[in-house]
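Student: All residue numbers for the sequence shown refer to the numbering used here, where the first residue is 5 and numbers rise by one.
Virtual Cβ for every residue (Gly too), placed ideally from N, Cα, C.
Quick caveat, the model's predicted, so the values are computed rather than measured.
The structure is given below, and queries will be raised subsequently.
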Amino acid sequence: MSSQPPVAIVVLAAGKGTRMKSDLHKVLHPIAGRPMLLHLLASAAALAPERTVVVVGAGREQVEAAVAPLGAGTAHQAEQLGTGHAVMQAEAALAGFAGDVLILYGDVPLVSAATMREMLDRLHAADSPEVVVLGFRPADPGAYGRLIVAPGGDRLEKIVEYKDASDTERAVDLCNTGLMAVQGERLFALLARLGNANAAGEYYLTDVVELSGQAAVIEAAADEVAGVNSRAELAAVEATWQQARRARAMAEGATLLAPETVWFAHDTVVGRDVTIAQNVVFGPGVEVADGATIHAFSHVEGAKVASGVEVGPYARLRPGAVLEQGAKVGNFVEVKNAVLHAGAKANHLSYIGDAEVGAKANIGAGTITCNYNGYLKSRTVIGAGAFVGSNSALVAPVTIGAGAIVAAGSIIVRDVTEDSLALARGRQEERAGWAARFRASMKAKKGGQ
5 MSSQPPVAIV VLAAGKGTRM KSDLHKVLHP IAGRPMLLHL LASAAALAPE RTVVVVGAGR
65 EQVEAAVAPL GAGTAHQAEQ LGTGHAVMQA EAALAGFAGD VLILYGDVPL VSAATMREML
125 DRLHAADSPE VVVLGFRPAD PGAYGRLIVA PGGDRLEKIV EYKDASDTER AVDLCNTGLM
185 AVQGERLFAL LARLGNANAA GEYYLTDVVE LSGQAAVIEA AADEVAGVNS RAELAAVEAT
245 WQQARRARAM AEGATLLAPE TVWFAHDTVV GRDVTIAQNV VFGPGVEVAD GATIHAFSHV
305 EGAKVASGVE VGPYARLRPG AVLEQGAKVG NFVEVKNAVL HAGAKANHLS YIGDAEVGAK
365 ANIGAGTITC NYNGYLKSRT VIGAGAFVGS NSALVAPVTI GAGAIVAAGS IIVRDVTEDS
425 LALARGRQEE RAGWAARFRA SMKAKKGGQ
């Protein structure tokens, strides 16, 4: 709501992530080609926060480098003394801030902007709670902390850890995610009252609920608040994200012949009446316009595909590939940093790299643009309506003029003028009877066998 105060985001990302067994910081492991922390920050950005602070610890350099381009600040938690202690480290970064503080976790990446907004809205309901906690109901509550709510409402009485819960409390299926919205003017006063008289000697953020005495809870779907602490959990969250993205693509008018086999990147754009066949993988940076078809077993990354284009099966579009209207890239064709203008075709077994292929030009099977000499890359230009015969090698830099024909099996090292025939292969010779004499000679050497 426009009348609400400004928002600050605090993201806890100081954990060591030892269960990932990785040199890469846990929150930087990708989901759909984007680090999970950046998924979360992208959702939070929809709230137009006045400040964003990421609390870092071990591996801080990696996280700081990842968030710096986004304008997010960082705060360092040198010692791991609990979640409450982690939030305390953001106090200096939030100095002078007057508004609401949303506390998130870098390893819980799928929380939507809508849920974040709901938390903030609840903070400004008529009863004005100081703290709003996000809860969920997992299929197996297991050892999650339980949220104990007053009868007949959403007022949160306390958060109790499973090990400390009574049998009655363990029977509650509303569990704690750890995510909170807190009135900013109260946050650090509450944190200052935290104690660490517990077995771990840590300051727990959950204790602010009882300290405030004015807390409420809202609920989110279990999939939305799934955390990532291991490679298996990373795969599970990836699967959740992909399932939702596939459903969205179909709802927006695309046909997925076998949805469970299509893999999207975080920024894939797919138009209406697009058909995507089985086992298609999209890397980052792909735009597919209305009416295009991506056939089975194709890999598309960093490419723009116009309407009416056909890709595959078994094609690979690499970054910089641009296929204009009606172009076709067929089976076992690779395109990199190249433009195929309207109606151009490369139907089979070709490599087109650092090139421009004119409208309605045809590239024969086995053709390659030889774009790299071991030191530098050079460009090949093929004019409109040109025909390049099968198994030709175009050694860049080279230009094939509009309407020209390159004979099959040619190695082209010089420019070809418009409407010319370029023939660059060895002269065919024939020696009558040679094969019969050869066989007879070999049989004699083998003793007549």
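#1: My guess is that A2 and Q329 are in contact by the Cβ rule of under 8 Å, so how many angstroms apart are they, rounded?
#2: For my contact list, P142 and Y148 are in at a C-beta cut-off of 8 Å; report their separation, rounded to the angstrom.
#3: At which residues does the beta strand (DSSP E) containing V71 begin and terminate?
#4: Between G370 and N395, what straight-line distance do the alpha-carbon atoms span, to the nearest angstrom?
#5: With C-beta atoms as the reference, is L425 less than 8 Å away from I409?
#6: Where do the ends of the alpha helix (DSSP H) carrying F192 lie?
#7: Helix, strand or coil: how does DSSP classify F442 here?
#8: Taking just the CA atoms, how far does A72 sit from G387?
#9: Is T421 helix, strand or coil by DSSP?
#10: Name the two residues that bound the continuous alpha helix (DSSP H) containing V91.
#11: Which residue wins for smallest C-alpha separation from D144, given the options K364, V274, A50, A230?
#12: What residue does the alpha helix (DSSP H) around T172 start on, and which one ends it?
#13: Might you give, ordered along the chain, the residues of its own chain that have their beta carbon closer than 7 Å to the beta carbon of T265, omitting 5 neighbours on each side?
#14: I'd like the list of long-range same chain contacts for A412, defined as Cβ closer than 7 Å, with 5 residues on each side in sequence excluded.
#15: According to the Cβ coordinates, are L260 and R249 closer than 8 Å?
#16: Take the Cβ of S4 as the centre, count every other Cβ of all protein chains shown within 10 Å, and call the residue buried at 16 or more, exposed below.
#17: Where do the N-terminal and C-terminal ends of the alpha helix (DSSP H) with R250 fall, by residue?
#18: Go ahead and pull the three-state DSSP assignment for V212.
#19: Runs of 3 residues minimum, wholly inside the stretch 317 to 353: which ones carry the beta strand (DSSP E) assignment?
#20: Go to E122, then tell me how far its beta strand (DSSP E) extends in each direction, as first and last residue.
#21: Strictly by DSSP, which residues pair up with E291?
#22: Is it true that the CB of V343 sits closer than 8 Å to the CB of L321?
#23: Would you tell me roughly how many angstroms separate the C-alpha atoms of A130 and A243, rounded to the nearest one?
#24: What does DSSP give as the partner residue(s) for R38 in the beta ladder?
#25: Which residue's Cα is closest to the Cα of A79: I298, A70, G86, L98?
#26: Contact check, L151 vs N180 under 8 Å by CB: the rounded distance?
#27: Between the alpha carbons of A96 and V115, how many angstroms are there, rounded?
#28: Leaving out the 5 sequence neighbours to the left and right, which residues in its chain are closer than 7 Å to I35 when beta-carbon positions are compared?
#29: Applying the 10 Å Cβ sphere with the 16-neighbour rule, what's the burial state of Y376?
#30: Indicate the three-state DSSP secondary structure (helix, strand or coil) for D227 in the structure shown.
#31: Work out the CA separation of P323 and W438 for me, nearest whole Å.
#32: Any idea what DSSP makes of T371, helix, strand or coil?
#33: Could you check what DSSP says for D168 in three-state terms: helix, strand or coil?
#34: Residues in its own chain within less than 7 Å of Y207 by CB, not counting five upstream and five downstream?
#35: Work out the CA separation of C374 and H358 for me, nearest whole Å.
#36: Measuring only the C-alpha atoms, how far is A204 from S132?
Tutor: The relevant details are as follows:
#1: This structure leaves residue 2 out entirely; the chain is present only between 5 and 453.
#2: The residue given as residue 142 occupies position 138 in the sequence shown. The residue given as residue 148 occupies position 144 in the sequence shown. Correct: roughly 7 Å between the Cβ atoms.
#3: Along the sequence shown, one-based indexing puts residue 71 at 67. It is not in any beta strand (DSSP E) - V71 instead sits in the alpha helix (DSSP H) that spans 64 to 71.
#4: Residue mapping note: residue 370 aligns to position 366 of the sequence shown, counting from 1. Residue mapping note: residue 395 aligns to position 391 of the sequence shown, counting from 1. Spanning the two alpha carbons is a distance of roughly 4 Å.
#5: Along the sequence shown, one-based indexing puts residue 425 at 421. Along the sequence shown, one-based indexing puts residue 409 at 405. Taking 8 Å as the Cβ cut-off, L425 and I409 qualify as a contacting pair.
#6: On the sequence shown, position 188 is the one that residue 192 refers to. First-last of the alpha helix (DSSP H) with F192: 188 to 196.
#7: As a working note, residue 442 is residue 438 in the sequence shown. Residue state, collapsed to three classes: helix.
#8: In the sequence shown, counting from the first residue as 1, residue 387 sits at position 383. In the sequence shown, counting from the first residue as 1, residue 72 sits at position 68. In a straight line, the C-alpha of G387 is about 44 Å away from that of A72.
#9: Position 417 of the sequence shown, counted from the first residue, corresponds to residue 421. In the structure shown, T421 sits in coil (DSSP, three-state: anything other than H, G, I, E or B).
#10: In the sequence shown, counting from the first residue as 1, residue 91 sits at position 87. Per DSSP, V91 belongs to the alpha helix (DSSP H) from 87 to 92.
#11: Here the question's residue 144 lines up with position 140 in the sequence shown. With distances taken between Cα atoms, D144 lies closest to A230.
#12: In the sequence shown, residue 172 corresponds to position 168, counting from 1. It spans 171 to 174 - the alpha helix (DSSP H) in which T172 sits, taken as one unbroken run.
#13: For the purposes of this step, residue 265 is taken as residue 261 along the sequence shown, with counting starting at 1. Here the set comprises Q282, N283.
#14: As a first step, residue 412 must be located in the sequence shown, where it is residue number 408. The residues are G368, G393, S394, N395, S396.
#15: Here residue 260 refers to the residue found at position 256 when the sequence shown is read from its first residue. Here residue 249 refers to the residue found at position 245 when the sequence shown is read from its first residue. Cβ distance not < 8 Å, so L260 and R249 don't count as in contact.
#16: There is no way to answer for residue 4, as the model of the chain reaches only from 5 to 453.
#17: As a first step, residue 250 is located in the sequence shown; it is residue number 246 there, counting from the start. Residues 235 to 255.
#18: As a first step, residue 212 is located in the sequence shown; it is residue number 208 there, counting from the start. V212: helix per DSSP, three-state reduction.
#19: 332 to 335, 338 to 344, 349 to 352
#20: To locate residue 122, count along the sequence shown from 1; it is residue 118. Note, E122: premise wrong, no beta strand (DSSP E); alpha helix (DSSP H) at 117 to 127.
#21: Locating residue 291 in the sequence shown gives position 287, where the first residue counts as 1. Note: E291 sits in a beta bridge opposite V273, K308.
#22: Translated into the one-based positions of the sequence shown, residue 321 becomes position 317. Translated into the one-based positions of the sequence shown, residue 343 becomes position 339. Not a contact, by the Cβ cut-off of 8 Å.
#23: Within the sequence shown, the letter at position 126 stands for residue 130. Within the sequence shown, the letter at position 239 stands for residue 243. Approximately 39 Å between the Cα atoms of the pair.
#24: Walking along the sequence shown from the start, residue 38 turns up at place 34. Note: R38 sits in a beta bridge opposite I35.
#25: Residue numbering aside, residue 79 sits at position 75 when the sequence shown is read from its first letter. Minimum Cα distance to A79 is reached at L98.
#26: Within the sequence shown, numbered from 1, the residue matching residue 151 stands at position 147. Within the sequence shown, numbered from 1, the residue matching residue 180 stands at position 176. Rounded, the Cβ-Cβ distance is 6 Å, consistent with contact.
#27: Locating residue 96 in the sequence shown gives position 92, counting from the first residue. Locating residue 115 in the sequence shown gives position 111, counting from the first residue. Distance between the alpha carbons of A96 and V115 is about 26 Å.
#28: As a working mapping, residue 35 is identified with position 31 in the sequence shown. Closer than 7 Å at Cβ, skipping near neighbours: H43, P113, V241, E242, W245.
#29: Along the sequence shown, one-based indexing puts residue 376 at 372. Exposed, because fewer than 16 other Cβ atoms sit within 10 Å of the Cβ of Y376.
#30: Residue mapping note: residue 227 aligns to position 223 of the sequence shown, counting from 1. Looking at D227 - three-state DSSP - the assignment turns out to be helix.
#31: As a first step, residue 438 must be located in the sequence shown, where it is residue number 434. As a first step, residue 323 must be located in the sequence shown, where it is residue number 319. About 51 Å.
#32: Counting from one through the sequence shown, the residue named residue 371 turns up at place 367. Reduced to three states, the DSSP call for T371 is coil.
#33: For the purposes of this step, residue 168 is identified with residue 164 of the sequence shown, where counting begins at 1. DSSP places D168 in helix when its eight states are reduced to three.
#34: If you number the sequence shown from 1, residue 207 lands on position 203. Excluding residues within five positions, the ones whose Cβ falls inside 7 Å are L85, G86, G88, H89, L198, N200.
#35: Taking the first residue of the sequence shown as 1, we reach residue 358 at position 354. Taking the first residue of the sequence shown as 1, we reach residue 374 at position 370. Here residue 358 turns out to be Asp, not His, going by the sequence shown. Rounded to the nearest angstrom, the two C-alpha atoms are 9 Å apart.
#36: Taking the sequence shown and counting its residues from 1, the one referred to as residue 204 is at position 200. Taking the sequence shown and counting its residues from 1, the one referred to as residue 132 is at position 128. Rounded to the nearest angstrom, the two C-alpha atoms are 33 Å apart.
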